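Enquirer: Quick one: the structure is below, and I'll ask about it shortly.
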Amino acid sequence: MRKYGLTLLILSSLFSFSHGFDALKMMQKALEREKQNKDGTQSPLPFNPLKQGNNEQTPIDTSCKVMLDNTPKNSLANETAKNVLKGAATGAIIGGLLSRDRGKGAIIGAITGAGVAVAYSALKTKHLQPESPKDTAKRLGYDPSMGELLNFELLPSEVKSYKRGEYADIVLRISLLTPEALQKKDNQKDELIPIWVNSYLVKDGGILYPLSSESYYLIPGTSALPYYLPICDEIKPGNYKLRFQITGLGREVSREVDFRVSSK
Amino acid sequence: MKWILGLALSSLLTLLMLSSISFTQEHEEGDKKVDEIVEKANSTLRKYGLKEANVQLSPEGRLVLTGVFDTYDEFLYALMLMNIHFGFDKIKPIYDNRLAVIKKTPTELCFPYVVAGQECPYGRFTIQKKIGPAEKRTTSKKYALVIGVYKFADEKIPKVPGADEDAKAFAEYLKKNGYETKLLINEQATINNVRQAISDLYSKVQDGDTLVVFAASHGAPVDESGEVGIVLYDSGAISSERYCKVEQIVKDLYSDAAIKMCTLVKNGLSIREHIVNTFADKKVNLVVLLDACYSGDALKSYVGLGLPYEVATTEEYEKALRHAPNLGIVTTAASGNRMAWGGPMDGEFRQRLLAFSEGTPRVIRLDGSAALERDSAGARAIAVERKATAKKAQDTNTSSSHGVFTAFLLEALSKSDNSLARAYELSKDDINYVSEFLCKQAQTRGKIAKCPPGGQNPMLFRVRMEDYNFGR
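Those protein sequence lines, which keep their order, are chains A and B. Our numbering puts the first residue of the first sequence at 878, with every later residue one more than the last. Our numbering puts the first residue of the second sequence at 639, with every later residue one more than the last.
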């Protein structure tokens, strides 16, 4: 038992350390890309590849292209799996260190850590989890006599502040309900509803500068569309307002989100 | 007594064991089949360069796409591949963020560009709106935007004979009927000019007004979902290599749609995005007429099952288009998988063409080359007139042809008291007949491989209007 526990301890320590190298790898990747550009082997980036003031390079590439290529987006299944591994690894280390019988402690710690990680993931990604038509109807006080319903929440609801190199994470929680969806049996196929998301940057004077128009097929209930906007070199410090307009089911709903980009 | 009970119990146990073995075998066979399908699907995705995409089986027994997709277009492309190989019923065509990741959405890609005050190379052009109260009027007005593009800035894009003439003719017709008309033809129909015209109209139109949008040009997909846009003077055409590769496997089944998907248009006019969505917050009566190839797919994203090669029926479009705000009635020259034809439609040519068809059995008449041989006098007359028209066009460097759709619709409008639905009913058979004839001629000359039966198939969707009368 002790032998297995120690092996687990070593493996989990290695796993934790390997994650620490992620930032270094990203920086190395960015520098390699920059070198390739100078050699003329790749097409130039649309934005400044690296900030170079007084012949000094910034430690991490925050060019828009690099940030877009390295988006931290992950599917919920992968996110949960990663968290479980991290939780089990951390649990094993702590359990192994605290227990007299290190092997047994590491195993108990790993199991506890994984359990905590599952609970933590569920809580952390609650806003990204889909919701069934019944649960959505209950939450919104929907009645089939109201006809079709389109609504959405725009998260975060408070004004958040981001620094260069970070991503402004915005989530659209879109609720779609039809009277038929509530009567659907489990063996019936889901109804597909087309929706369009128009996004705008709102500038002074209320002028809307279109970002883009995207269309998706969603099923009734609540679905989440996550966005990670890169706060990269071209994004100057200041206040920003985005408007999201969703059209579908013969309806149109608009919501706005504000965020701040700080200088440091 | 005990041995009877024992025997009964052992028989029961044997039966249970046997049934469980057979159930397990069936289950294993089912699992094996599912595994084979999943494996085949995954290897197909790899073959077409989607390295991080996978499929898995959903609880309802359909395949669901999982993994990492660079863009939503890539996700749609994966859906199309799965659809070709396994059939639409086997695929769940939704993006599920629990299982799949779309790394870069157009909003994320465009955000840095728009903040920097630059045009986003990843987005389609959209109209800037200024929010504010509009001046109130008590009477309604009629406005029209008419676009026709015969030649393009990019000379690699083939000319569209008659598109400019169609636009002029339709603008004239609208002006006679009291429309404040903005006409943009050829070099005038640039992206910026069209954008400006739409912005001007947006600031002018008020609740209760009518807005007619007519466009004649090439029709090509604006994105990989297959929704068709109008190619403008300075639009760019992008050869979509991967769809052309897909064409290799679908050419017998979906030839027209695959050809359509081979070329995407950059900075084209999207009817949904730039017209319907732009005017969504105005209670206008929107009437759209399109004379372009594949124009039946101009609003296809409103149809829930719209993948690149799928074409919905008029009924399906009407049902789905109820979600389109303010859209009144739409007429298109062709269905989503058909090319729209044009030629020297003026005067005598059309008379001869129609006279040529009279008295000849349809089954032979539709076979272009055979019909030409049967009635050589009629065929010669058409050939002579075509040459004369082509020479005239060359001499004046303008287009002197007309789109079959516009030519016949305009004529039918004059015969049907300016009623759009009636004119459509009056003209659609002629449009189909003449377009099929022109296609067969092109096929005889080796310019097109295959002509679909039945002509270009014009469409009319009644969304919030049973009919529209241009004269009232």
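Idealized CB from N, CA, C, for every residue including glycine. As the structure is a computational prediction, the values presented were derived from the model and not from experiment.
1) Under three-state DSSP, which class holds A/ASN1039?
2) Can you list the beta strand (DSSP E) stretches of 3 or more residues lying completely in the segment 1044-1112 of chain A, in chain order?
3) Any contact of the segment 793-806 of chain B with the segment 1097-1110 of chain B, i.e. 3+ C-beta pairs under 8 Å?
4) Taking 8 Å as the threshold (C-beta atoms), are B/ALA978 and B/SER1052 in contact?
5) Helix, strand or coil for B/HIS723, going by three-state DSSP, please let me know.
6) How is the alpha helix (DSSP H) around B/SER1065 delimited, first residue to last?
7) Say yes only if the C-beta of A/LYS959 is nearer than 7 Å to one or more non-hydrogen atoms of the ligand NAP, and no if none qualify.
8) Assign A/ARG1120 to one of three DSSP states: helix, strand, or coil.
9) Starting from B/SER1052, follow the alpha helix (DSSP H) in both directions and report where the run begins and ends.
10) In angstroms, rounded to a whole number, what distance separates the CA positions of B/ILE1002 and B/LYS898?
11) When the cut-off is 8 Å and only beta carbons count, does B/ARG1102 lie next to chain A?
12) Who does A/SER1143 pair with in a DSSP beta bridge?
13) In whole angstroms, give me the CA-to-CA distance for A/ALA991 and A/SER998.
14) State buried or exposed for B/ASN1070, treating a residue as buried only when at least 16 other CB atoms are found within 10 Å of its CB.
15) So, does the CB of A/ILE1096 fall closer than 8 Å to a CB anywhere in chain B?
16) Count the other CB atoms, across all protein chains shown, that sit within 10 Å of the CB of A/ASN1064; report buried if there are 16 or more and exposed otherwise.
17) DSSP on B/ASN1095, reduced to helix/strand/coil?
18) State the start and end residues of the unbroken beta strand (DSSP E) segment that holds B/THR819.
19) Hey, how far is the Cα of B/THR1082 from the Cα of B/PRO1096?
20) At the level of alpha carbons, what is the spacing between B/GLU674 and A/LYS942?
21) Within the chosen definition, does the segment 981-989 of chain A reach the segment 958-969 of chain A through at least 3 CB pairs nearer than 8 Å?
22) How should A/VAL1134 be labelled, buried or exposed, when 16 other C-beta atoms within 10 angstroms of its C-beta is the threshold for buried?
23) When DSSP labels each residue in this structure, what does B/PHE1108 get in the three-state scheme?
24) Compute the Euclidean distance between the alpha carbons of B/LEU608 and A/SER1131, then round it to the nearest angstrom.
25) Ignoring anything shorter than 3 residues, give me the beta strand (DSSP E) runs that lie fully in the segment 768-808 of chain B, in order along the chain.
26) Could you name the residues of the segment 731-746 of chain B whose beta carbon sits closer than 7 Å to any beta carbon of chain A, in the order they occur along the chain?
27) Tell me B/ARG1100's beta-bridge partners as DSSP assigns them.
28) Rounded to the nearest angstrom, what separates A/LYS1015 and A/ASN951 at their Cα positions?
29) Mapping the DSSP letters down to three states, classify B/ASN830 as helix, strand or coil.
30) Per DSSP, B/LYS904 is paired with what?
31) Given B/ILE836, which residues of its chain have a CB within under 8 Å of its CB, disregarding the five upstream and five downstream residues?
32) Leaving aside the five residues before and after A/GLU956 along the sequence, list all residues of the same chain whose C-beta is less than 8 Å from its C-beta, in chain order.
33) Buried or exposed: B/LEU1076, going by 16 or more other Cβ atoms within 10 Å of its Cβ?
34) Taking only runs that begin and end inside the segment 672-733 of chain B, name each unbroken alpha helix (DSSP H) of 4 or more residues, in chain order.
35) Got a sec? Which residues, its chain only, sit under 8 Å from A/VAL1074 by beta carbon, not counting five neighbours each side?
36) Considering only the alpha carbon of each residue, which of A/SER1076, A/PRO1021, A/LEU1088 and A/TYR1044 lies closest to A/PRO1056?
Expert: A quick look at the data gives this:
1) Reading the sequence as shown, one finds Tyr at residue 1039 of chain A and not Asn. In this structure, A/TYR1039 counts as strand in the three-state DSSP scheme.
2) 1044-1054, 1070-1080, 1084-1095 and 1098-1107
3) no
4) no
5) helix
6) 1058-1082
7) The ligand NAP is not among the ligands present in this structure, which contains no ligands whatsoever.
8) strand
9) 1042-1053
10) Confidence in B/ILE1002 is poor, its pLDDT being 25 and thus under 50, which makes the residue's placement unreliable; the coordinate value appears in the next sentence. Taking the straight line from one Cα to the other gives about 29 Å.
11) no
12) The structure shown does not extend to residue 1143 of chain A, since chain A is modelled only from 878 through 1141, so no value can be given for it.
13) 10 Å
14) buried
15) yes
16) exposed
17) coil
18) 818-823
19) 23 Å
20) 39 Å
21) yes
22) buried
23) coil
24) An answer regarding residue 608 of chain B cannot be provided, because it is not within the stretch 639 to 1110 covered by chain B.
25) 780-786
26) PRO731, ILE732, TYR733, ASN735, ARG736, LEU737, ALA738, VAL739, LYS741, LYS742, THR743, PRO744, THR745 and GLU746
27) B/ILE967
28) 29 Å
29) helix
30) B/GLY874
31) ILE765, LEU783, HIS912, ILE913 and THR916
32) SER998 and THR1002
33) buried
34) 710-724
35) LEU1049, SER1090, GLU1091, SER1092, TYR1093, LEU1102, PHE1121, GLN1122 and ILE1123
36) A/PRO1021
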